[in-house]
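Protein chains: 2
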Amino acid sequence: MTGRQARGQARMDQIMAAAAEAFAESGYEAVSTNAIAARAGISPGSLYQFFANKDDIARALAERYTRSLSEVHAAAFDGTDLAALPLDELIAAITGPLVEFNLAHRGFKALFARPDLPPSLTAAAAPLHAALLGRVAALVSSRAPGLPPDVVERTATVAVQLVRAMMPLIVAADEPQRDALVGELRAVLHGYLEPVLR
Amino acid sequence: MTGRQARGQARMDQIMAAAAEAFAESGYEAVSTNAIAARAGISPGSLYQFFANKDDIARALAERYTRSLSEVHAAAFDGTDLAALPLDELIAAITGPLVEFNLAHRGFKALFARPDLPPSLTAAAAPLHAALLGRVAALVSSRAPGLPPDVVERTATVAVQLVRAMMPLIVAADEPQRDALVGELRAVLHGYLEPVLR
DNA sequence: AGAAAACACGAGCAGCCGCTCGCCTTTCCT
DNA sequence: AGGAAAGGCGAGCGGCTGCTCGTGTTTTCT
Numbered sequence: 004m005t006g007r008q009a010r011g012q013a014r015m016d017q018i019m020a021a022a023a024e025a026f027a028e029s030g031y032e033a034v035s036t037n038a039i040a041a042r043a044g045i046s047p048g049s050l051y052q053f054f055a056n057k058d059d060i061a062r063a064l065a066e067r068y069t070r071s072l073s074e075v076h077a078a079a080f081d082g083t084d085l086a087a088l089p090l091d092e093l094i095a096a097i098t099g100p101l102v103e104f105n106l107a108h109r110g111f112k113a114l115f116a117r118p119d120l121p122p123s124l125t126a127a128a129a130p131l132h133a134a135l136l137g138r139v140a141a142l143v144s145s146r147a148p149g150l151p152p153d154v155v156e157r158t159a160t161v162a163v164q165l166v167r168a169m170m171p172l173i174v175a176a177d178e179p180q181r182d183a184l185v186g187e188l189r190a191v192l193h194g195y196l197e198p199v200l201r
Numbered sequence: 004m005t006g007r008q009a010r011g012q013a014r015m016d017q018i019m020a021a022a023a024e025a026f027a028e029s030g031y032e033a034v035s036t037n038a039i040a041a042r043a044g045i046s047p048g049s050l051y052q053f054f055a056n057k058d059d060i061a062r063a064l065a066e067r068y069t070r071s072l073s074e075v076h077a078a079a080f081d082g083t084d085l086a087a088l089p090l091d092e093l094i095a096a097i098t099g100p101l102v103e104f105n106l107a108h109r110g111f112k113a114l115f116a117r118p119d120l121p122p123s124l125t126a127a128a129a130p131l132h133a134a135l136l137g138r139v140a141a142l143v144s145s146r147a148p149g150l151p152p153d154v155v156e157r158t159a160t161v162a163v164q165l166v167r168a169m170m171p172l173i174v175a176a177d178e179p180q181r182d183a184l185v186g187e188l189r190a191v192l193h194g195y196l197e198p199v200l201r
């Protein structure tokens with residue numbers, strides 16, 4: 004592989020970092036490509052040497068987030084034997100890494116949480132979301148073996164939605180309040196799941 | 004009051020209806036003013052005879068939604084003596100009208116649920132949101148008199164957020180699934196609130 | 001009837017957007 | 001050393017957007 008990989012890769016990282024910041028501040032479509040280039044300290048032309056168009060930048064960012072988040076999922080779900088844990092600890096073991104991820108990558112929400120995201124982003128996020136749902140559903144099913152499949156899936160959907168709903172509150176809060184809100188998230192999940200899992 | 008109130012008011016309603024549809028379909032900034040005018044069957048120039056600019060259309064829509072929703076709130080909270088109701092019925096009495104409102108006005112979410120809405124909209128929605136929070140907080144406080152004020156407020160914030168989180172799921176679902184999801188919403192609220200209210 | 005106000009039109013303006021293209025510089029390969 | 005690839009630049013293009021303005025029509029006054 005010849006080519007300028009060191010310099011080029013560094014530029015791509017610069018651009019993606021600048022884009023992530025800008026998207027987190029102002030949202031995807033409010034940010035112009037020229038603004039991203041300026042923020043990265045390069046010219047508009049240089050930006051298009053590495054990315055085909057604006058969507059491509061988002062796609063690359065999404066891919067990076069997706070990879071990172073899927074590692075978080077793997078660590079959270081495949082680490083210890085979750086089936087044996089008490090519900091409280093199960094919830095804490097899964098929500099903990101998710102909260103950390105969202106705190107560390109604040110641009111993530113800005114890209115994926117919007118209601119009208121570009122199709123390329125929906126496509127990029129779909130497999131990850133489906134995998135997460137599947138993992139949660141498997142967990143629900145294993146802890147409440149008698150449950151009909153449609154109830155399992157609905158329960159998983161709602162649980163995932165609850166986490167996504169509380170995340171903006173948690174991320175936006177300052178440190179002292181944040182821990183309390185994480186506690187509330189766990190209380191919500193516990194209150195919802197405990198009766199279902201008998 | 005002289006002037007063309009009948010014709011003019013009818014035009015304003017046309018424009019707002021067209022805008023609400025378009026916003027619900029594609030989101031606020033994806034919709035051009037020329038597209039709104041075309042959809043309303045009038046020229047771009049005519050549109051600007053009734054609205055100062057694009058934000059003004061959103062503001063007028065928001066105001067209409069706000070007024071309507073505040074009536075819903077009033078009916079839901081001030082109707083019967085909620086303090087005497089069992090928790091299940093209290094939750095049902097409040098969530099019911101809210102679900103109905105969101106089903107009837109699907110443009111509402113499109114305008115207010117976006118993370119980066121124009122400042123004029125945030126300003127328009129803020130008092131309503133604050134009032135809702137206050138009502139919920141008052142209810143929580145009256146049912147758990149010993150609770151510290153900051154806990155009351157946090158509980159109300161979370162409860163409101165839970166409703167807002169489940170609403171997109173409910174609105175997007177088809178009829179048979181919808182009722183199940185409304186049931187889930189109530190189960191979530193019950194599971195969360197019951198321990199807090201002892 | 002006649003004047004004035006309100007309504008309606010639609011070509012087109014200024015401005016921004018995503019993106020290109022011609023030209024130069026730096027880095028790598030042999 | 002010298003050629004080729006990769007990186008870098010920034011003026012500016014085509015296109016779309018929110019919005020205007022001159023002109024013409026309809027309605028409501030006295």
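Chains as they are written, first to last, in the numbering used here: chain A, 4 to 201; chain B, 4 to 201.
Here a beta-carbon is modelled for each residue, glycine too, at the ideal position from N, C-alpha and C.
- Under the Cβ distance rule, Ser29(B) counts among the residues neighbouring chain A, one pair being separated by less than 8 Å.
- Residue environment for Asn105(B): buried (at least 16 other C-beta atoms within 10 angstroms of its C-beta).
- In this structure Ala129(B) is exposed. Its beta-carbon is surrounded by fewer than 16 other beta-carbon atoms within 10 angstroms.
- Taken atom to atom, the span from the alpha-carbon of Gln180(B) to that of Glu187(B) is near 11 Å.
- In the DSSP assignment, Tyr51(A) falls within the unbroken alpha helix (DSSP H) covering 47 to 53.
- Cβ-Cβ distances below 8 Å link Ala61(A) to Ala22, Phe26, Tyr31, Leu114, Pro121, Ser123, Leu124 in the same chain, with the five nearest sequence neighbours on each side left out; the list follows chain order.
- Contact of Ala190(A) with chain B by beta-carbon distance below 9 Å involves Val161, Gly194, Tyr195, Pro198, Val199.
- Thr83(A) sits in coil when the DSSP states are folded into three classes, being neither helix nor strand.
- Below the 8 Å Cβ cutoff, chain B contributes no neighbours of Arg109(A), its closest Cβ being approximately 12 Å away.
- Of all residues in the stretch 107 to 136 of chain A, the ones placed with a Cβ closer than 9 Å to any Cβ belonging to chain B are Lys112, Ala113, Ala116, Arg117, Pro118, Asp119, in chain order.
- Contact annotation for Leu165(A) against chain B: Leu165, Ala168, Met169, Val191 [CB-CB distance below 9 Å, chain order].
- The beta carbons of Leu64(B) and Met19(B) sit closer together than 8 Å.
- Contact check for Val191(A) against Val161(B) passes: the beta carbons are separated by less than 8 Å.
- Any Cβ of chain B closer than 8 Å to the Cβ of Arg157(A) would place that residue at the interface, and such an atom is present.
- Listed along chain B are Thr160, Val161, Gln164, each with a C-beta nearer than 9 Å to that of Leu172(A).
- In the three-state reduction of the DSSP assignment, Tyr68(B) falls in the helix class.
- Looking at Glu103(B), Met170(B), Leu135(B), the one whose alpha-carbon comes closest to that of Thr158(B) is Leu135(B).
- Val34(B): not part of any alpha helix (DSSP H); DSSP gives it neither H nor E.
- With 16 or more other Cβ atoms from the protein chains shown falling within 10 Å of its own Cβ, Arg117(A) counts as buried.
- By the CB criterion at 8 Å, Leu142(A) and Leu85(A) fall inside the cutoff.
- Scanning its chain for C-beta atoms nearer than 6 Å, with the 5 sequence neighbours on each side dropped, one finds no residue around Lys112(A).
- In terms of Cβ geometry, Ser29(A) and Asp119(B) form a close pair [threshold 8 Å].
- Contact between the stretch 166 to 185 of chain B and the stretch 95 to 104 of chain B is present: three or more C-beta pairs spanning the two stretches fall below 8 Å.
- Think of a sphere of 7 Å around the beta carbon of Glu187(B): the chain A residues whose beta carbon falls inside it are Arg157, Val161, in chain order.
- Distances from the CA of Ala41(A) to each of Gly194(A), Ala9(A), Phe53(A), Gln17(A) were compared; the closest alpha carbon is that of Gln17(A).
- Taken through DSSP and simplified to helix, strand or coil, His193(A) comes out as helix.
- Contiguous beta strand (DSSP E) elements confined to the stretch 100 to 154 of chain B do not occur, taking only those with 3 or more residues.
- Non-local C-beta neighbours of Ala140(B) in its own chain, meaning closer than 7 Å and more than five positions away in sequence, comprise Val155, Glu156, Ala159, ordered along the chain.
- CA-CA distance, Ala176(B) to Pro151(A), rounds to 19 Å.
- Separation of Val102(A) and His108(A) (C-alpha to C-alpha, rounded to the nearest whole angstrom) is 10 Å.
- Under the 8 Å criterion on CB atoms, Ala140(B) is classed as non-interfacial with respect to chain A.
- Judged by DSSP secondary structure, Asp177(A) falls outside any alpha helix (DSSP H); it is assigned neither H nor E.
- From the beta-carbon of Ala183(B), the residues of chain A found nearer than 7 Å are Arg157.
- With a threshold of 8 Å between beta carbons, Glu92(A) makes no contact with chain B.
- Around the CB of Arg138(A), 16 or more other CB atoms lie within 10 Å, so the residue is classed as buried.
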